[in-house]
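Engineer: Taken in order, these protein sequences are the chains called A and D. Numbering of the first sequence is given in my numbering, commencing with residue 1 and proceeding in unit increments. Numbering of the second sequence is given in my numbering, commencing with residue 1 and proceeding in unit increments. All residues carry an ideal CB built from backbone N, CA and C; glycine is no exception.
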Amino acid sequence: MELTGAQILLKCLEKEGVTCMFGFPGGAVIDIYDEIPRSKVEHILVRHEQGAIHAADGYARATGEVGVCLVTSGPGATNTVTGIATAYMDSIPVVILTGQVPTALIGNDAFQEVDIVGITRPCTKHNYLVKDINQLAKTIRQAFYLARTGRPGPVLVDLPKDIMQTKIEFTYPDDEEVKLRSYNPHLQPHVGQVRKVAQLIRKAEKPLIYSGGGVISARAHEEMTWLAHSLRIPVTSTLMGLGAFPGDDELWLGMLGMHGTYAANMAISECDVLLAVGARFDDRVTGKLATFAPHATIVHIDIDPTSIQKNVPVSVPLVADCRSALKALKAELAEATSKTDFVAQRKQWVEQVQNWARTHPLNYKDDGSSIKPQYVVEKLYEITKGDAIICTEVGQNQMWAAQFFKYKRPNTFITSGGLGTMGYGFPAAMGAQKAFPDKLVIDVAGDGSIQMCIQEMTTVVCNKLPVKIVILNNGYLGMVRQWQELFYNKNYCETCMDAQPDFVKLAEAYGAKGFRITEKNDVESTLRTALYETEGPVIVDVRVEREENVYPMVPAGASLTEMLLV
Amino acid sequence: MRHVLSVTVENEPGVLSRVAGLFSGRGFNIESLNVAPTEEPGVSRMTITTHGDDAIVEQIVKQLRKLVTVITVRDYTDVKAVERELVLVKVNAEDSKRAEILRIVDIFRCKVIDVSLDELTVECTGDIGKVEAILDLLTRFGIKEVARTGSIALKRAKQ
């Protein structure tokens with residue numbers, strides 16, 4: 001059958017199982033948009049390309065599938081760069097389709113031309129410029145294959161306008177054609193290493209699991225939970241790993257690192273075997289490297305060899321997909337769990353970590369005179385009973401959402417971890433809501449971050465995506481203000497943002513519902529109304545204590561045991 | 001420590017910029033870099049010389065392997081390999097100095113490939129030690145220009 005490039009592209013998307021994509025049209029992609037009504041792929045029109053890429057990312061995080069975004073050349077493409085870098089830092093599978101000027105004009109500074117392949121080279125897993133129509137289908141297949149296998153990540157495909165218009169006889173490329181000789185993601189764990197790891201954790205007196213986003217992307221949460229329960233190993237996790245282990249489990253210590261719990265950071269400093277699974281020893285996690293896990297033999301399971309030994313010397317590396325690795329460990333340890341009484345063997349250690357958790361729980365001072373932001377997040381958890389997808393913006397709102405909401409399932413906490421992209425949460429929530437129209441999706445926001453992609457209010461209203469935005473409004477860029485308070489002599493330079501729109505009226509202007517909470521007594525009832533008794537998208541403007549800080553806090557570069565507590 | 005990395009890559013647009021961008025983006029050093037096609041169609045070989053401690057070089061090798069267009073990466077530091085560099089040196093050569101320059105050229109088994117009234121252009125091939133040595137010796141005559149290919153290397157055949 002003879003098809004145009006645009007038709008081939010959409011056929012390929014259908015074949016990859018894409019049911020919806022987020023995008024914004026423009027001159028270079030009109031041919032693609034011309035075909036969309038005749039394809040099975042639904043298109044969600046955003047109001048800014050950054051919204052499209054974050055939505056595709058949020059869709060990917062909520063489902064574990066590849067998210068797709070389609071934008072035009074030039075400014076359309078550059079507007080996605082922040083979102084691409086966001087997905088790259090957190091290893092999220094996204095395919096970005098960008099329009100490009102016709103091949104004959106490339107390099108001529110044509111209207112709306114930009115070298116997006118060059119610009120995104122350092123922040124994509126891989127990228128392509130399609131210059132030959134015969135390579136189009138193969139390239140699209142490779143893009144999806146690369147995005148979803150190995151360590152997932154964003155892949156960009158740049159599509160010149162003339163390629164989209166050219167007609168060829170179309171045959172779908174077979175698997176053999178799509179193979180990349182230089183790309184063989186290492187999936188199966190080394191048997192000898194697995195044995196070594198099994199022996200170490202069996203004999204350990206104070207083992208600890210430090211889990212990361214890799215556990216979620218590899219769908220390895222069940223295997224990890226088995227390991228923790230069967231061998232009585234306490235679990236801490238990075239921001240990206242929240243949800244992989246039940247937040248209400250007795251072995252759960254909470255997040256570690258800069259704003260981690262006392263119990264998690266103490267456990268890191270005391271453990272004798274640290275089992276890092278799908279985590280990358282980021283500086284926000286380790287604090288001062290020289291004093292990180294000083295007594296531990298470190299085991300590191302990761303699919304990406306570059307993560308191993310990058311920041312921390314590792315005793316036993318295990319390069320593999322987290323799920324295959326944990327399955328192999330389970331098989332290796334199955335006998336031991338029936339023979340050894342791990343409850344007795346680990347009793348002292350488990351009691352010790354639980355004691356840390358009991359004596360120094362996450363807490364905050366509340367005399368009832370104002371609304372504490374932590375209280376709002378706690379109420380969100382109580383009201384929803386944890387049954388919601390929580391997206392966050394970046395800063396204090398993000399940390400409180402991480403600390404005071406107990407995540408019980410993977411893919412229910414969606415946040416920009418590595419890049420720390422303000423403005424991420426709301427469009428990501430839009431993507432998650434598109435994937436799960438019937439689930440409650442909440443964006444825990446700050447008054448600063450929410451204004452960075454607020455234009456997507458139109459998108460959620462007209463697409464009937466009932467995202468609930470809860471703004472912890474303190475009139476500050478709170479996290480920066482906190483650093484200024486603690487380390488810059490309270491010089492609150494340019495962090496006061498009390499000049500802000502009326503968020504209730506703003507919601508109404510967009511055709512959504514707005515609520516404002518100024519009294520602590522109203523928090524619960526108004527949240528209930530907003531979340532469960534109001535149809536469609538909602539903004540709840542909660543006026544919280546203005547100068548509340550996130551604690552515990554390990555100052556940047558300090559040891560994890562040097563926590564500032566409430 | 002100096003490392004010589006031999007990297008085979010898919011011969012396609014952008015591959016050099018992917019490799020070079022990796023080094024600059026992650027703060028690794030490139031002392032020299034040479035790229036040219038190999039005997040296999042579609043495959044080019046890059047020879048990269050770099051400096052770094054073991055941990056850094058381990059990262060460089062792993063990061064290179066992670067690039068989708070990179071096929072193989074070998075570190076020739078601890079394996080027996082032959083390494084050569086080609087250098088063209090344009091050196092001042094007035095009558096009074098000419099004889100001595102030619103003697104040096106002879107000792108180092110180099111070639112004079114261009115000559116004028118007061119200049120000689122010398123072609124020198126050798127490992128880094130030899131190249132540095134002849135450049136050192138020629139310095140006192142006044143080197144006007146140097147063009148170097150950077151090292152290229154191949155693993156030695158099994159003896």
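Pull up the distance between the alpha-carbon of serine 369 of chain A and that of valine 523 of chain A, whole angstroms please.
Structural biologist: About 13 Å.
Engineer: Counting only runs of 3+ residues fully inside the region 389-415 of chain A, write out the beta strand (DSSP E) ranges in chain order.
Structural biologist: Correct list: 389-392.
Engineer: What residues in its chain sit with their C-beta under 6 Å from that of glutamine 398 of chain A, if we drop five residues either side in the sequence?
Structural biologist: The residues are Thr392 and Thr415.
Engineer: Report yes if the C-beta distance between threonine 38 of chain D and threonine 72 of chain D is below 8 Å; otherwise report no.
Structural biologist: No.
Engineer: Provide the residue(s) that pair with tryptophan 252 of chain A in DSSP beta bridges, ordered along the chain.
Structural biologist: BP columns for tryptophan 252 of chain A point to A:Val235.
Engineer: Who does aspartate 158 of chain A pair with in a DSSP beta bridge?
Structural biologist: Partner(s): A:Thr98 and A:Leu129.
Engineer: Establish whether the CB of leucine 156 of chain A and some CB of chain D are separated by less than 8 Å.
Structural biologist: No, leucine 156 of chain A lies away from the interface with chain D (no Cβ there is under 8 Å from its Cβ).
Engineer: Does the distance from the CB of arginine 346 of chain A to the CB of arginine 202 of chain A come in under 8 Å?
Structural biologist: The answer is no: Cβ separation not under 8 Å.
Engineer: So, at 6 Å on beta carbons, what are the nonlocal neighbours of threonine 561 of chain A in its own chain, with the 5 sequence-adjacent residues on each side left out?
Structural biologist: For threonine 561 of chain A, where only same-chain residues beyond five positions count, the Cβ hits under 6 Å are Ser269.
Engineer: So is valine 57 of chain D in contact with chain A if we call contact Cβ pairs under 8 Å?
Structural biologist: No, no contact with chain A.
Engineer: Please report whether the beta-carbon of glycine 27 of chain D lies at a distance below 8 Å from any beta-carbon of chain A.
Structural biologist: Cβ-Cβ to chain A under 8 Å: no for glycine 27 of chain D.
Engineer: So, with DSSP's three-state summary, where would you put proline 189 of chain A?
Structural biologist: In the structure shown, proline 189 of chain A sits in coil (DSSP, three-state: anything other than H, G, I, E or B).
Engineer: In three-state DSSP terms, what is leucine 136 of chain A?
Structural biologist: Three-state result, leucine 136 of chain A: helix.
Engineer: List the residues of chain A whose Cβ lies closer than 7 Å to the Cβ of valine 70 of chain D, in chain order.
Structural biologist: Those within 7 Å of valine 70 of chain D in chain A are Ser182.
Engineer: For lysine 34 of chain D, collect the residues of the same chain with a Cβ closer than 6 Å to its Cβ; drop the 5 residues on either side in sequence, then sort them by chain order.
Structural biologist: The identity of residue 34 of chain D in the sequence shown is asparagine, whereas the question assumes lysine. For asparagine 34 of chain D, where only same-chain residues beyond five positions count, the Cβ hits under 6 Å are Thr47, Thr149, Gly150 and Ile152.
Engineer: Who pairs with arginine 61 of chain A in a beta bridge, going by DSSP?
Structural biologist: DSSP lists no partner for arginine 61 of chain A.
Engineer: Which residues of the region 10-27 of chain D have a Cβ closer than 7 Å to any Cβ of chain A? Give them in chain order.
Structural biologist: Those would be Glu10, Gly14, Ser17, Arg18, Gly21 and Gly25, in chain order.
Engineer: Note down the Cα distance separating threonine 526 of chain A from isoleucine 517 of chain A, rounded to an integer number of angstroms.
Structural biologist: Straight-line Cα distance between these residues: approximately 7 Å.
Engineer: With respect to the alpha helix (DSSP H) encompassing alanine 507 of chain A, which residues constitute its N-terminal and C-terminal limits?
Structural biologist: First-last of the alpha helix (DSSP H) with alanine 507 of chain A: 503-509.
Engineer: With three or more C-beta pairs closer than 8 Å as the rule, is the region 192-209 of chain A touching the region 359-368 of chain A?
Structural biologist: With the cut-off at 8 Å, the region 359-368 of chain A and the region 192-209 of chain A do not touch.
Engineer: Could you please give the first and the last residue of the uninterrupted alpha helix (DSSP H) stretch that includes tyrosine 33 of chain A?
Structural biologist: Here the alpha helix (DSSP H) through tyrosine 33 of chain A covers 30-35.
Engineer: Does the beta carbon of lysine 144 of chain D come closer than 8 Å to any beta carbon on chain A?
Structural biologist: Lysine 144 of chain D does not count as touching chain A.
Engineer: Kindly identify the DSSP beta-bridge partner or partners of isoleucine 48 of chain D.
Structural biologist: In the DSSP output, where bridge partners are listed per residue, isoleucine 48 of chain D has D:Leu5 and D:Leu33.
Engineer: Would you mind sorting glutamate 42 of chain A into buried or exposed? The rule is 16 or more other CB atoms within 10 Å of its CB.
Structural biologist: Exposed, since its Cβ has fewer than 16 Cβ neighbours within 10 Å.
Engineer: From A:Cys322, A:Glu519, A:Lys490 and A:Pro552, pick the residue whose C-alpha is nearest to that of alanine 357 of chain A; which is it?
Structural biologist: Of the listed residues, the one whose Cα sits closest to alanine 357 of chain A is A:Pro552.
Engineer: Answer with yes or no whether the minimum CB distance from proline 153 of chain A to chain D is below 8 Å.
Structural biologist: Strictly speaking, residue 153 of chain A in this sequence is glycine, with proline absent from that position. No, glycine 153 of chain A does not count as interfacial toward chain D.
Engineer: Would you verify that the beta carbon of threonine 149 of chain A is, or is not, closer than 8 Å to some beta carbon of chain D?
Structural biologist: No, no contact with chain D.
Engineer: Would you give the residue range spanned by the alpha helix (DSSP H) that glutamate 14 of chain A belongs to?
Structural biologist: Counting along the chain, the alpha helix (DSSP H) containing glutamate 14 of chain A begins and ends at 5-15.
Engineer: With contact counted as at least three CB pairs below 8 Å, one residue from each stretch, are the region 76-95 of chain A and the region 440-448 of chain A in contact?
Structural biologist: No contact exists between the region 76-95 of chain A and the region 440-448 of chain A.
Engineer: Cutting at 6 Å between CB atoms, please list the residues of its own chain near leucine 419 of chain A, excluding the five before and the five after it.
Structural biologist: Excluding sequence neighbours, leucine 419 of chain A sits near Ala85, Thr86 and Met89.
Engineer: Does alanine 267 of chain A come out as helix, strand or coil in the three-state DSSP assignment?
Structural biologist: In the structure shown, alanine 267 of chain A sits in a helix (DSSP, three-state: H, G or I).
Engineer: Any C-beta of chain D sitting closer than 8 Å to the C-beta of glycine 107 of chain A?
Structural biologist: Output row for glycine 107 of chain A: interface = no.
Engineer: Return the chain-ordered list of same chain residues with a C-beta closer than 6 Å to the C-beta of proline 25 of chain A, the five sequence neighbours on each side being excluded.
Structural biologist: Closer than 6 Å at Cβ, skipping near neighbours: Tyr33.
Engineer: Show which residues of chain D have a CB atom less than 9 Å away from the CB atom of glycine 64 of chain A.
Structural biologist: Per Cβ cutoff of 9 Å: no residues; glycine 64 of chain A is ~22 Å from chain D at best.
Engineer: Within the same chain, show all residues whose beta-carbon is closer than 7 Å to that of aspartate 114 of chain D, passing over the 5 residues directly before and after it, in chain order.
Structural biologist: If we look at aspartate 114 of chain D and ignore the five residues flanking it on each side, its Cβ neighbours are Thr121.
Engineer: Could you check the C-alpha separation between glutamate 145 of chain D and isoleucine 101 of chain D for me, to the nearest Å?
Structural biologist: Taking the straight line from one Cα to the other gives about 16 Å.
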